[in-house]
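What follows is a short report on a single structure.
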Amino acid sequence: MITNYVVTGMTCGHCVNHVTEEVEALDGVQAVDVQLEGGTMAVTSDAEIDFAAITEAVAEAGDYTVAKA
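If you read the sequence shown in the UniProt record's numbering, its first letter stands for residue 1, the second for the next number, and so on.
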C-alpha cells in the first residue's frame with residue numbers, strides 16, 4: 001500500500017534525508033520516497049501507518065509539517 005503526503009519546511013537534501021530516515025524507522029514501513037521539489041512523500045507499507053506516528057516521525061526529523069495528500 002502506498003500513501004502520499006505533503007511535507008512542508010524542507011529546504012535541502014539533508015532535510016529529505018532526515019525525514020526519510022525517521023519515517024523509514026516506523027514499524028511496517030517498507031520504503032519512503034521523499035521529493036524536495038514539490039514537498040511530496042510516498043510511504044510504502046504493508047498496512048496503513050497511523051497518521052499520528054507519521055506526524056511524530058516528521059517532527060522528529062526537524063521543523064517540518066506533514067499533511068495527507
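Note that the Cβ used here is the ideal one computed from N, Cα and C, for glycine as well.
Quick check on the DSSP output: the alpha helix (DSSP H) that includes residue i runs from which residue to which?
i: I54; result: 51 to 61
Return the CA-CA distance between residue i and residue j, expressed in angstroms with no decimal places.
i: V6; j: Y64; result: 10 Å
i: E1; j: G28; result: Note on residue identity: the sequence assigns Met, not Glu, to residue 1. Each residue's Cα considered, the two are about 11 Å apart.
i: V16; j: M10; result: 7 Å
i: F51; j: H18; result: 18 Å
i: E48; j: A25; result: 15 Å
i: residue 70; j: A59; result: A question about residue 70 goes unanswered here, because the residues of the chain that appear run from 1 up to 69.
Going by DSSP, what residues sit across from residue i in a beta bridge?
i: A42; result: N4, D33
i: T11; result: Paired residues: none, contrary to the question.
i: A67; result: V6
Going by C-alpha distance, which of the options is nearest residue i?
i: Q35; options: G13, M1, D27, V66; result: G13
i: A31; options: A61, V43, I49; result: V43
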